[in-house]
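Quick notes on the structure that follows.
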Amino acid sequence: MKRIVWLLALLAVGGMAFAQPKVFKSPNPNETPVYGGDFRDWSTADPKTFNPFVAKETSSTDVMDLFLPTLTGYNPYTLEPEGNLAKSWEIKNNGLTIVFHLREGAEWSDGQPITADDVIFSAKVHADPDVGSNSIKSFELDGSPIVWTKIDDYTVQADFPKPFAPALIQGWYIVPKHVFEKAYEEGKITEMWGVGTDPAEIVSGGPFMLDQYVQGERVVLKKNPNFWGVDEKGNQLPYLDRYIFTIVGDMNAALAKFLAGEIDLYAASDADQVAQIIERIDAGKLDASIFPNADVTTGTNFIFFNWNNEDPWKAKLFQNKKFRQAMAHLMDKDAMIELALGGLGKPQWSPISIPVKQFFTDDVAKFEYNPEKAAQLLAEIGFRTKNADGVLVDASGRPLEFRLATNQGNNVREKIAQLFTEDAKAIGVNVKYAPINFNELVRQILNTRDFDAILIGLTGGIEPAFSRNVWELDGPLHMWNYGPDFQSFEILIDKLMKQGATTLDQAKRREIYVRFQQVVAENLPLTYTVAPAYNPARLNSVGGLFDKDQITSIVGQYPYVETVFIKK
Amino acid sequence: MTAYIVRRLLHLIPTFLGATFLAFLVIQLAPGDFLTRLELDPSYNTEQIDNLRRIYGLDQPFMVQYAKWLSGLMKGYLGVSLSYQTDVWTVLKPRILNSMVLVGLAVIFVYVVAVPIGIYSALRQYSWGDRILTSLAFFGLAVPNFFFALLMLYFALWLKDVFGHEIFPIGGMRSLYIDGVDFFSAPKWRQWLDVLWHAILPVIVVGTADTAGLTRVMRTQMLETKMQDYVRTARAKGLSERVVVYKHILRNAIIPIVATIGFLLPGLIGGAGLVEVVMGWPGLTPMLLEALFSIDVYIIMGITAISVILLMVGNLVSDLLLAWVDPRIRYS
Amino acid sequence: MPEHDTNLLEGLGERSQSYWQKAWQRFRRHPFARWAGGVLLLLYLLALFADFVGPYPEAKSFRHLQFAPPTTVHFKTEDGRWTRPYVCKVERTRDLRTFKLEFKEDCSTHYPIYFFVHGYPYKFLGFIPTDLHLFGGPWLVNEEAYLFLWGTDDFGRDLFSRIWFGGRISLTIGILAVTVAIFLGVFFGGVSGYFAGQRMHLVRGIFRSPFKRRGFSEGRGGADDGFFAGGALARGWREAVRDRRLPLYVAGLVLQYGLWLGGIYLIGLTMYGFLAISEGMERFVAALIFGAVLLYMAWQLFFGAVTIDVDDLIMRTTEILAAIPSLFLLIILSGMMAQYDLPSSMRFLLVLTILAFVGWGGLARNIRGFVLQLREMEYAHAAKALGASDARTLFRHIIPGTLGYLIVVASLAIPGYILAESALSFLGLGIQDPSSSWGLLLSKAQQGGIAAMRDRPWLLFFPGFFIFVSILAYNYLGDALRDALDPRAEQR
């Protein structure tokens, strides 16, 4: 049996001899990978589509990542750009032009070669506003288009209107032109590859291909024999036979499945879950490992105030830096971690998430929990006495009170808001807290602007330039202040963000973003609270995973799914 | 009677229009639409969202959207789901079938368990058996379904620990493999057996609360009927207790329950509730919840339309049943 | 007809006294019911005096003691002597390997429990300021040691106190909501079943008089009263004044115009929408159809008379109401409520009332089923033959026959409403933390999943227990009540 495997591997290598496969580095050179086996992942929701031009949510893109290639991505070890379908690239013209060289010999699962035509076609469809692709923003920069042209069958060129630092980690899915072209010309491209499509019709250019999709239950992908990747020894990848997503809508139910050994990886959400997993491992009922507090997640939770409040008194108050600093002093982050996150998490002080190591800095102003300091700061801005209800009042006798809202149903945020409300009330700041419907919250932030303070979060990511919508003055998510009057620090942030996006030198970029974090932490347009911990757990039967100290919440538990294997 | 049925069938049209219109109106009045949740995502631009709103037709006036949906419906087309970008029926069909399996089994379970218990409780009113069953029934009502489902999952896990292999599956509806063969390659009867095996725990969870309710109703009905004059007459005639109970009391006691059978029809497709989410049953509820939270109007409207029709037909059926089991009842 | 009514009433009045006496006798024959009544009374009293019974205020939190288990009350000193009950200090730590919480008792100092002591200040019954508590001690107010009889919740708040505060909501609002829902269900179901098969004029064109003799349950037809709206309206008015049915007349008018004009408006809008998107032949045909419908409706408005079965009307309404997606309704409501600064219990009551107005359909249908059956009973016919009015026959003779069923429905629905409040607080419409209610306490306890049940069972047990006990008590009480109120029961 083993010999046949070797023979097959040799044959595969032989077949790829003239091709230019990507070599996937395995995280642990001491392990001996074996072929075969099912990898059992889970997902909270069904994929909505298998069509990359329609997909809007991670439940769909998580599946697509396994069967659709991108040109480039980031290296899971260094977080630097790395080629996928592009074997190499040249940056010319001070960063205005990038020429990509594709891997010759790479094929779709139906045997057709993957060429520059597929890349150019995919770019064209993604950029078409009538299609509505999620990746459309990767094809324009500040209103000017990014032009993609074919040089030859295996070379494409992208021309940027100005240098764009994260250009190489903007992954967008490449689809087979010969499958999609007809539908695109008929204007029916969004009808392709829906959940009702026979999986056999779905062509793969990634490590796996769709095998079956049972609605509400699971997505099964099988190995793509034509995949263009090999391991360091030149063996054809992936090792796994099948990749299975079980759909479990409830966290507790997913935990039960992990405890029963029916899913291979799991990330515990709080100390309760961690304790259950540890207990079961200790009892010898589960052969697994767990790494509590291995990292923190990239999601953020912050409070911000409405500087455009209809009430000029409130608007003036919220614009006052000392007021915001006083509010920051009222955030008991230790209590938030213990009570809202179940003991697992870290305080956050600045806009860049802790796991984004290449830009994150801890060297920022920290307004730690200190009610006396808060009271003192409030006294400095005029709130010296309390009224009969124990609420601070200013010289004119107006009590210091404002409304705080967060979105319903988010347990962590509701608890953070309650803790803040309690602490604020204790020193005489009357915070009126009420959770409201998420859509109503969005309406208040973006349209009616009739809120005082809101606790909300934004999805974080590896690249700060992708949050320009939040920080630039004309950004649609410059939520605390839509102008027309801006404070000098906001203008500075705007400048830093613009610089950061167009600077190509990594060291200089870091400097810019460090400065950015310091300015935000000092002036608190958004006051950050706490970030939940990432507590990954895994069955010990899975190989090809990161060791404890390599794990980051950005990359996850393994560098490449291609090199994951099931120990025999 | 024919005239009555015809009239009722004619009523289907305005009722259906009124119901769907109201549902559509309520959904539209609620703040936000399908794209609102993207508006707070830093990776989306305002223009991008406006463009999507145009593509999905969400920028059109409410009445235009409703009329569009309605005219699609006339052609037997439930509309295109916003998140799936596929025909709603394609998405709904497998879910409805799965839910029907679970709810159908649960209904059988409920009637098989509840009716005998109700009869027993009524015949032995205030006996210890009655009191214990009453307490159990209310315990069943006081335990929320989804928590009960979670308990069952851990019960299955515990059984697995004790016996070393799975006595009950830990959630789901179909095994990945049956005897080493992929589920869909296994013989049909093995597939059905596998689904039934998966259904046992969810059916118990779904059935418990309903059993509790039906037991109480059945008991009261029996008690009420027990005191009727015709029962005394029957006894006075010297009929055996068995005949009195089954022919006179039970038959009359069950009439109002018959009247509610029509209600089961929309319930059959409506999904079994949060149990499906917790126990990983791929029914309608998980998808409906997703649709509700993402405001996928056409999925919600599709389900509404189907259940309104089933509700109306179910009501008609139970009205006819009612007149059939009790000849005194008349509608005109 | 009115004179008959009074006679009948007097007759009943005489009999009812002995009826109630007998009912009371029958009621007292149920030992379980007496017991249940006692338990309920106790629960209501404890909830009413929650400030006094509970040692801590409702929202008082001790963050460093989150999820503390019930405090052990010691009755013996270390050397085994009986002494006044006392408690010890408790320290909370988290084991950093197993991630479990550990609570260590430090009994170096004893904190004796006293009864009727001064504690946290509160307002007795909402207006008498006092600080008297059932039990506690000076150490409790100074926060030297803590007394959590039933443990603490996720913010370190005393569950014992919160149960009694929560009882105020759960023991009252659930019952109120059930009452509203049952009232609506019985009214509409009763009317629907009683008048089933009798057609009445729902709306009449403005060139017809709105009501000729009796608006309700009138047979088809009736002569036209003139061609001028004014004449018809005036005549209707005169008749209404004569028969003292003014409210009915006005309601009829409003209904008449509201329905037709509303209908024309809606169809017109739909037509506008349809025309905006269709083209060519489709547009032409649609215009024809819609035009015909509009014409027909306009004609009906002026000259027509639509007779309809109330039964059909009410039952179809339930079907329409059943289609409303309640989640969206609730979201709309929460948006509207957010503008007003209402206390959360008021808001909750309001929401439940609105929900009752939408959700009476199922019950109404069942009641209708009963009424269809009961209205053919001899005693119903007899009442009618003796000249009782429709309303009297329905509500005094027929509806009581459904009492047994109603009591069961109520006792089944109460737990539903108690638990519903937790679902509503999720949408910001129910009781909001840090306020307390049993449903909220229970649902919060469940969020931790199975870990919550193993590591902090008290959070699940106590609210669950009290929900269970109160439902059981209500049910036994209801059972006995049904027996007592059923005149046939004595013949057993």
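Residue numbers (the numbering used here), protein chains in the order written: chain A, 50 to 617; chain B, 123 to 454; chain C, -11 to 480.
Positions of the beta carbon are idealized from the N, C-alpha and C atoms, including for glycine.
Residue span of the beta strand (DSSP E) that contains His320 of chain B, given as start and end: Locating residue 320 of chain B in the second sequence gives position 198, counting from the first residue. Premise fails: His320 of chain B lies in the alpha helix (DSSP H), 310 to 348, not in any beta strand (DSSP E).
Residue range of the beta strand (DSSP E) that includes Arg72 of chain C: By 1-based counting over the third sequence, the position of residue 72 of chain C is 84. Per DSSP, Arg72 of chain C belongs to the beta strand (DSSP E) from 70 to 82.
Where does Leu465 of chain C land, buried or exposed, given buried means 16+ other C-beta within 10 angstroms? On the third sequence, position 477 is the one that residue 465 of chain C refers to. Looking at its Cβ environment, which holds 16 or more other Cβ atoms inside 10 Å, Leu465 of chain C is buried.
Note the first and the last residue of the continuous beta strand (DSSP E) segment covering Gln206 of chain A. Translated into the one-based positions of the first sequence, residue 206 of chain A becomes position 157. Run containing Gln206 of chain A: 204 to 208, per the beta strand (DSSP E) assignment.
I believe Leu263 of chain B touches Val400 of chain B by the beta-carbon criterion, under 8 angstroms. Please report the beta-carbon distance rounded to the nearest angstrom. Taking the second sequence and counting its residues from 1, the one referred to as residue 263 of chain B is at position 141. Taking the second sequence and counting its residues from 1, the one referred to as residue 400 of chain B is at position 278. With 8 angstroms as the limit, Leu263 of chain B and Val400 of chain B do not qualify as a contact, their Cβ atoms being about 18 angstroms apart.
Check this for me: beta carbons of Leu147 of chain C and Trp426 of chain C, under 9 angstroms apart or not? Stepping through the third sequence from its first residue, residue 147 of chain C is reached at position 159. Stepping through the third sequence from its first residue, residue 426 of chain C is reached at position 438. Result no, Cβ atoms of Leu147 of chain C and Trp426 of chain C do not sit closer than 9 angstroms.
Segment contact flag, the segment 170 to 182 of chain B with the segment 376 to 394 of chain B, C-beta cutoff 8 angstroms, min 3 pairs: no
Contact check, Ala38 of chain C vs Trp152 of chain C under 8 angstroms by CB: the rounded distance? The sequence position of residue 38 of chain C within the third sequence is 50, counting from 1. The sequence position of residue 152 of chain C within the third sequence is 164, counting from 1. Confirmed, about 4 angstroms.
Per the contact definition of three or more C-beta pairs closer than 8 angstroms, is the segment 453 to 464 of chain A in contact with the segment 478 to 491 of chain A? Contact between the segment 478 to 491 of chain A and the segment 453 to 464 of chain A is present: 3 or more CB-CB pairs across the two stretches fall below 8 angstroms.
To the nearest angstrom, report how far apart Arg338 of chain B and Asp332 of chain B are at their CA atoms. Counted from its first residue, the second sequence places residue 338 of chain B at position 216. Counted from its first residue, the second sequence places residue 332 of chain B at position 210. Cα-Cα distance, rounded: 10 angstroms.
Residues that Leu151 of chain B contacts on chain C, provided the C-beta gap is smaller than 8 angstroms: Within the second sequence, numbered from 1, the residue matching residue 151 of chain B stands at position 29. Ordered by position in chain C, the residues that pass the 8 angstroms Cβ test against Leu151 of chain B are Phe316, Ile320.
Beta carbon of Val359 of chain C nearer than 9 angstroms to that of Ile320 of chain C: Along the third sequence, one-based indexing puts residue 359 of chain C at 371. Along the third sequence, one-based indexing puts residue 320 of chain C at 332. Cβ atoms of Val359 of chain C and Ile320 of chain C: not closer than 9 angstroms.
Any chain A beta carbon closer than 9 angstroms to Val400 of chain B: Translated into positions along the second sequence, residue 400 of chain B becomes position 278. Judged by the 9 angstroms Cβ criterion, Val400 of chain B is in contact with chain A.
Going by DSSP, name the residue or residues bridged to Tyr299 of chain B. To locate residue 299 of chain B, count along the second sequence from 1; it is residue 177. DSSP, once it has assigned bridges, lists B:Asp304 as partnering Tyr299 of chain B.
Start and end of the beta strand (DSSP E) containing Ala502 of chain A? Taking the first residue of the first sequence as position 1, residue 502 of chain A is located at position 453. Where Ala502 of chain A is concerned, the enclosing beta strand (DSSP E) stretches over 502 to 505.
Taking only beta-carbon positions, decide if Lys200 of chain C is within less than 9 angstroms of chain A. The sequence position of residue 200 of chain C within the third sequence is 212, counting from 1. Low local confidence applies: a pLDDT of 45 at Lys200 of chain C is under 50, so the model's placement there is unreliable, and no value is given.
Any C-beta of chain B within less than 7 angstroms: which residues of the segment 182 to 200 of chain A qualify? Ile185, Lys186
What is the C-beta distance between Thr347 of chain B and Ala375 of chain B, in whole angstroms, given that I count them as a contact (C-beta under 8 angstroms)? Looking up residue 347 of chain B in the second sequence gives position 225. Looking up residue 375 of chain B in the second sequence gives position 253. Between Ala375 of chain B and Thr347 of chain B the Cβ distance is about 4 angstroms, and since that is below 8 angstroms, they are a contact.
Under 7 angstroms between beta-carbons, which chain C residues line up against Glu281 of chain A? List them in chain order, please. Looking up residue 281 of chain A in the first sequence gives position 232. Within 7 angstroms Cβ-Cβ: nothing; Glu281 of chain A doesn't reach chain C, min ~36 angstroms.
Counterpart residues of Asp90 of chain A in DSSP-defined beta bridges: As a working mapping, residue 90 of chain A is identified with position 41 in the first sequence. A:Phe294.
Excluding the 5 residues preceding and the 5 following Met196 of chain B in the sequence, name in chain order all residues of the same chain whose CB lies nearer than 8 angstroms to its CB. Counting from one through the second sequence, the residue named residue 196 of chain B turns up at place 74. Around Met196 of chain B: no qualifying Cβ.
Might you give, ordered along the chain, the residues of its own chain that have their beta carbon closer than 6 angstroms to the beta carbon of Val235 of chain B, omitting 5 neighbours on each side? For this step, residue 235 of chain B is matched to residue 113 along the second sequence. Thr333.
Chain-order list of residues whose beta-carbon lies under 6 angstroms from that of Val242 of chain C (same chain, five-residue window excluded): In the third sequence, the residue the question calls residue 242 of chain C occupies position 254. Excluding positions up to five away in sequence, the list is empty.
Spatial neighbours of Ala172 of chain A within its chain, please: C-beta separation below 7 angstroms, excluding the five flanking residues on both sides. Against the first sequence, residue 172 of chain A aligns to sequence position 123. Take Ala172 of chain A, set aside five residues on each side of it, and the residues of its chain with a beta-carbon closer than 7 angstroms to its own are Phe188, Trp197, in chain order.
Going by DSSP in three states, Lys237 of chain A sits in which element: helix, strand or coil? Within the first sequence, residue 237 of chain A is the residue found at index 188, counting from 1. Three-state result, Lys237 of chain A: coil.
Residues of chain B with a CB under 8 angstroms from the CB of Gln457 of chain A: which are they? In the first sequence, the residue the question calls residue 457 of chain A occupies position 408. Per Cβ cutoff of 8 angstroms: no residues; Gln457 of chain A is ~11 angstroms from chain B at best.
Contact list for His370 of chain B against chain C, beta-carbon separation under 7 angstroms: Along the second sequence, one-based indexing puts residue 370 of chain B at 248. None at all; the shortest Cβ gap to chain C is about 15 angstroms.
According to DSSP, which residues form a beta bridge with Gln261 of chain A? Residue mapping note: residue 261 of chain A aligns to position 212 of the first sequence, counting from 1. Note: Gln261 of chain A sits in a beta bridge opposite A:Val269.
Can you find a C-beta in chain C that's less than 9 angstroms from the C-beta of Leu57 of chain A? As a first step, residue 57 of chain A must be located in the first sequence, where it is residue number 8. Low confidence applies to Leu57 of chain A: its pLDDT is 49, below 50, so where it sits in the model is not reliable enough to give any reading.
Which chain B residues are close to Glu266 of chain A, counting only those with a beta carbon under 9 angstroms from its beta carbon? Locating residue 266 of chain A in the first sequence gives position 217, where the first residue counts as 1. In chain order: Asn220, Gly294, Met295, Arg296, Gly402, Trp403, Pro404.
Any contact between the segment 534 to 546 of chain A and the segment 261 to 276 of chain A? By contact I mean 3 or more CB pairs, one from each, below 8 angstroms. Contact check between the segment 534 to 546 of chain A and the segment 261 to 276 of chain A: fewer than three CB pairs, one atom from each, fall below 8 angstroms, which does not count as touching.
Exposed unless 16 or more other CB atoms sit within 10 angstroms - verdict on Asp474 of chain C: Walking along the third sequence from the start, residue 474 of chain C turns up at place 486. That one is buried.
Measuring CB to CB, does Asn355 of chain A end up less than 9 angstroms from Lys363 of chain A? Position 306 of the first sequence, counted from the first residue, corresponds to residue 355 of chain A. Position 314 of the first sequence, counted from the first residue, corresponds to residue 363 of chain A. A contact, by the Cβ cut-off of 9 angstroms.
Enumerated in chain order, which unbroken segments of the alpha helix (DSSP H) with a length of 4 residues or greater are wholly contained in the segment 105 to 153 of chain A? 107 to 116
For Leu145 of chain A, which of A:Leu468, A:Lys406, A:Ala216, A:Asp360 has the nearest alpha-carbon? The residue given as residue 145 of chain A occupies position 96 in the first sequence. Taking only the C-alpha atoms, the option nearest Leu145 of chain A is A:Ala216.
Cβ of Ala580 of chain A within 9 angstroms of Cβ of Ile403 of chain A? The count along the first sequence starts at 1 and reaches residue 580 of chain A at position 531. The count along the first sequence starts at 1 and reaches residue 403 of chain A at position 354. Yes.
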